[in-house]
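Trainee: This structure is in structure tokens; I'll ask about it shortly.
Right, here's the structure in full:
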């Protein structure tokens with residue numbers, strides 16, 4: 108009796124099939140190697156290792172947001188301060204410019220008082236110009252109550268009893284945009 112040919116078949120299975128060297132390297136490189144330090148599948152990561160990392164990232168995020176908010180606030184404060192300084196410099200320049208014209212305005216006013224009939228058109232133009240500049244004359248007419256915020260007393264008549272009133276205006280004072288540009292120089296007396 109003959110034996111079935113199982114032996115050669117077993118032998119072919121038992122004998123490893125040797126492939127050429129490049130094929131073996133290609134197959135071995137396509138198979139992933141599992142090492143103890145390789146990254147596990149996300150479902151295999153434990154919550155205990157994620158929580159500290161998340162907490163650390165959340166803390167860093169909160170710190171960065173806080174820094175950003177402080178930086179924004181600092182910038183906004185800086186911008187407001189620069190705007191305020193710019194406005195103050197602009198007002199200071201306007202006040203200085205208008206102040207330089209006061210002697211000319213005084214001379215024009217004296218000329219108009221000396222020759223009112225000849226210089227009436229100049230008076231109208233001067234009044235319009237002063238109004239357009241928001242420059243107004245401080246009331247220093249005779250009998251007006253003396254106010255040290257608006258008037259500068261040069262001399263005093265009579266005794267020191269009673270109410271102080273203006274006896275004479277020597278040099279007119281001016282308000283520019285509601286602020287005293289130059290106080291009026293006056294003589295005062297008591298009533």
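In the working numbering, the protein residues as written are 108 to 298. Just so you know, even glycine gets a beta-carbon here, dropped at the ideal spot from N, CA and C.
I'd like to check one pair, residue 257 with residue 272: are the Cβ atoms closer than 9 angstroms?
Mentor: Cβ atoms of residue 272 and residue 257: not closer than 9 angstroms.
Trainee: Look at the alpha carbon of residue 206 and the alpha carbon of residue 169, and state the distance between them as a whole number of angstroms.
Mentor: Each residue's alpha carbon lies about 55 angstroms from the other.
Trainee: Applying the 10 Å Cβ sphere with the 16-neighbour rule, what's the burial state of residue 173?
Mentor: It is exposed - the Cβ of residue 173 has fewer than 16 other Cβ atoms within 10 Å.
Trainee: Helix, strand or coil for residue 251 per DSSP?
Mentor: If DSSP states are grouped into helix, strand and coil, residue 251 belongs with coil.
Trainee: Nearest-angstrom Cα distance between residue 236 and residue 208?
Mentor: Approximately 12 angstroms between the Cα atoms of the pair.
Trainee: For residue 230, does the three-state DSSP call read helix, strand or coil?
Mentor: In this structure, residue 230 counts as helix in the three-state DSSP scheme.
Trainee: If you draw a straight line from the alpha carbon of residue 214 to that of residue 289, how long is it in whole angstroms?
Mentor: Going from the Cα of residue 214 to the Cα of residue 289 covers about 15 angstroms.
Trainee: Give every residue of the same chain whose Cβ lies closer than 7 angstroms to the Cβ of residue 249, excluding the five residues on either side of it in the sequence, and list them in chain order.
Mentor: The answer, listed in chain order, is 273, 274 and 275.
Trainee: For residue 210, which of 287, 297, 280 and 294 has the nearest alpha-carbon?
Mentor: Nearest C-alpha to residue 210: 280.
Trainee: Give me the Cα-Cα distance between residue 178 and residue 163, rounded to the nearest whole angstrom.
Mentor: Answer to the nearest angstrom: the Cα atoms are 22 angstroms apart.
Trainee: I need the boundaries of the beta strand (DSSP E) containing residue 268, first residue and last residue.
Mentor: Where residue 268 is concerned, there is no enclosing beta strand (DSSP E), given that its DSSP letter is neither H nor E.
Trainee: Can you name the start and end residues of the beta strand (DSSP E) that residue 282 belongs to?
Mentor: From DSSP, the beta strand (DSSP E) with residue 282 extends over 281 to 283.
Trainee: Within 8 angstroms: the Cβ of residue 297 and any heavy atom of the ligand GDP?
Mentor: As far as ligands go, the structure on display features none, and thus does not contain the ligand GDP.
Trainee: Would you list the residues sitting across from residue 286 in a DSSP beta bridge?
Mentor: Paired residues: 283.
Trainee: Please identify the residue among 286, 293 and 217 whose C-alpha is closest to the C-alpha of residue 264.
Mentor: It is 293.
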